[in-house]
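Asks: Respectively, the protein sequence lines represent chains V and U.
Numbered by the working numbering, the letters in the first sequence go through residues 9 to 236 in order.
Numbered by the working numbering, the letters in the second sequence go through residues 9 to 236 in order.
Backbone N, C-alpha and C fix where the C-beta goes; we use that ideal spot for every residue, glycine too.
There are 2 protein chains.
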Amino acid sequence: MRIALDAMGGDYAPKNIIEGAALGLKELPEIEKLYLVGDATAIGTELKNLNCQDPRIEIYHASEVITMKESAAKAVRHKKDASICRAVELVKNGSAEAVVSAGHTGAAVAASVLKLRTLKGIERPAVACLLPTESNVFVLIDAGANPDSTPENLIQFAIMGAVFSEHVLGYKNPSVALMSIGEEDMKGNDVTKEAFKLLKASSLNFRGNIEGHDLFEKRSGRLRRFHW
Amino acid sequence: MRIALDAMGGDYAPKNIIEGAALGLKELPEIEKLYLVGDATAIGTELKNLNCQDPRIEIYHASEVITMKESAAKAVRHKKDASICRAVELVKNGSAEAVVSAGHTGAAVAASVLKLRTLKGIERPAVACLLPTESNVFVLIDAGANPDSTPENLIQFAIMGAVFSEHVLGYKNPSVALMSIGEEDMKGNDVTKEAFKLLKASSLNFRGNIEGHDLFEKRSGRLRRFHW
């Protein structure tokens, strides 16, 4: 796999990001290529400090950084040479297959939408997060890409999460639940109540509302491919 | 203090509610009167089982119960003789000074609004919850009365919370924070971003956005009257 890593994204970037990259390269032979995207001098210094000379690394210079204080959409539009923008472009032009960033989530989402667009029928991207339960893992989606989602957005996220659960994690007929403020069918705010109706009418394996304390319960689904 | 207790509200009502009432009466001499509102026969049986004959108790019969599965507004309108409705009426007619219920939050809120109305300038009621920090307590408001709040609602809740903090808890010039998905000024969804502006323009001691992990931090405010 070929990965573009936003070397400037995160609270202790680029130091901790490069340290993580060096560790990852040691442990993961399946990485064929790792683009370290960001300030070439700073990245070079960190690699030298770590005495890391892995031939799979390629430094890809980007002169700008989007900080946590910036408005995502504005920053992505104005900072053409930001590390996260350049990293996403590496996926767009086929050099890389995935982007990894620990930086501004909104900026990563905005750069991805602007440059890669969403799938047909999907209006907004979502952050999918794998979380452990007592017995296996589940997908929390959306975990932070959208501060305001419509019921239609939530259905599209549910479909993407179910497809991911089935085809990447290997769950058969994965169940979908809606996180709300109560388990009863009519509990929720205007958005989740409408989403409940849409999910119930869909062909998804919908099990209803759940609350936060239900997230980590033991599940019967058998995880075939993924190992935590 | 004279209290109306919804004896039928809660997962293990009336048994656990009556047990709690008996314990409370033993420990709190400031309770002058305790109305146990609900099915008189069931309440009588529980009191007998506990051998509780406290003279401050008055059983106030109500023939109906609002269950967790019901729509709050509808149930309050149709079940005139529900325990929570009768308990609120005891406050309205001056018999009691406060209602306590461990039952359907929405029903307690709906009954209160319908029968007692809100204060002038306050459009919606809010649930205020006292939570401990390392050093004292703080008020979380709204803690569940409204699934959908407008920015204007949030400002009104902030004012009520600040007044409560100052006059009930004894904090001087209590600070107000807005719980959001990031600490930076522009983080949040449409509702919290607008509320941020209104709070900043208000005369409240507004300290900005906070995240969940900030809630329990040590605070400098000195708590004068309240003991946890």
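Exposed or buried, which one is Y179/U when buried takes at least 16 other CB atoms within 10 Å?
Replies: Y179/U comes out buried.
Asks: Given this structure, state the Cα-to-Cα distance separating A153/V from A119/V, to the nearest angstrom.
Replies: The straight-line gap from Cα to Cα measures roughly 12 Å.
Asks: Quick check on DSSP: helix, strand or coil for D14/U?
Replies: Here D14/U sits in strand by DSSP.
Asks: Does any residue of chain U have a CB that is nearer than 8 Å to the CB of K77/V?
Replies: K77/V counts as touching chain U.
Asks: Does the distance from the C-beta atom of A70/U to that of L44/U stay below 8 Å?
Replies: No.
Asks: Does the stretch 104-113 of chain V touch the stretch 191-207 of chain V, meaning 3 or more C-beta pairs lie closer than 8 Å?
Replies: Touching, no.
Asks: So which residues on chain V does D198/U lean against when the C-beta distance must stay under 7 Å?
Replies: Ordered by position in chain V, the residues that pass the 7 Å Cβ test against D198/U are D156.
Asks: Shortest alpha-carbon distance to E225/U belongs to which of L139/U, L98/U, I167/U?
Replies: The shortest C-alpha separation from E225/U is found at L139/U.
Asks: At which residues does the alpha helix (DSSP H) containing P159/U begin and terminate?
Replies: Here the alpha helix (DSSP H) through P159/U covers 159-172.
Asks: With a 10 Å radius around its C-beta and 16 neighbouring C-beta atoms as the bar for buried, classify M9/U as buried or exposed.
Replies: With fewer than 16 Cβ atoms within 10 Å of its Cβ, M9/U is classed as exposed.
Asks: For the stretch 160-192 of chain V, enumerate the residues whose C-beta is nearer than 7 Å to any C-beta of chain U, in chain order.
Replies: Answer in chain order: I189, E192.
Asks: Name the two residues that bound the continuous beta strand (DSSP E) containing K100/V.
Replies: Careful: K100/V lies outside any beta strand (DSSP E), inside the alpha helix (DSSP H) at 91-100.
Asks: Would the beta-carbon of A12/U fall within 8 Å of that of L58/U?
Replies: In this structure, L58/U does not lie closer than 8 Å to A12/U by Cβ.
Asks: Are the stretch 87-107 of chain V and the stretch 127-139 of chain V touching by the rule of at least three beta carbon pairs closer than 8 Å?
Replies: Taking 8 Å as the limit for Cβ pairs, the verdict is that the stretch 127-139 of chain V does not touch the stretch 87-107 of chain V.
Asks: Considering only the alpha carbon of each residue, which of F165/V, G32/V, P63/V, D198/V lies closest to L212/V?
Replies: Selected option, being the one with the closest Cα: F165/V.
Asks: Looking at the strands, I want to know which residues DSSP matches up with F214/V.
Replies: Beta-bridge pairing links F214/V to V184/V.
Asks: Chain V partners of M194/U, CB-CB under 8 Å?
Replies: In chain order: S79.
Asks: So, helix, strand or coil for L58/V, using DSSP?
Replies: The answer is coil: DSSP assigns L58/V none of H, G, I, E or B.
Asks: Tell me whether K56/U is buried or exposed, calling it buried when 16 or more other Cβ atoms sit within 10 Å of its Cβ.
Replies: By the neighbour-count rule (16 or more Cβ atoms within 10 Å), K56/U is not buried but exposed.
Asks: Go ahead and label S157/V buried or exposed: buried means 16 or more other beta carbons lie within 10 angstroms of its beta carbon, across all protein chains shown.
Replies: Classification for S157/V: buried.
Asks: Extract the residue ranges of the beta strand (DSSP E) inside the stretch 100-135 of chain V, only unbroken runs of 3 or more that lie entirely within it.
Replies: Runs of the beta strand (DSSP E) inside the stretch 100-135 of chain V: 106-108.
Asks: Candidates P22/U, P182/U, N217/U: which alpha carbon is nearest N144/U's?
Replies: Per the Cα distances, P182/U.
Asks: With DSSP as the reference, please indicate the residues paired to P63/U in a beta bridge.
Replies: DSSP lists no partner for P63/U.
Asks: Whole angstroms are fine: how far does the CA of A116/U sit from the CA of D19/U?
Replies: Cα-Cα distance, rounded: 15 Å.
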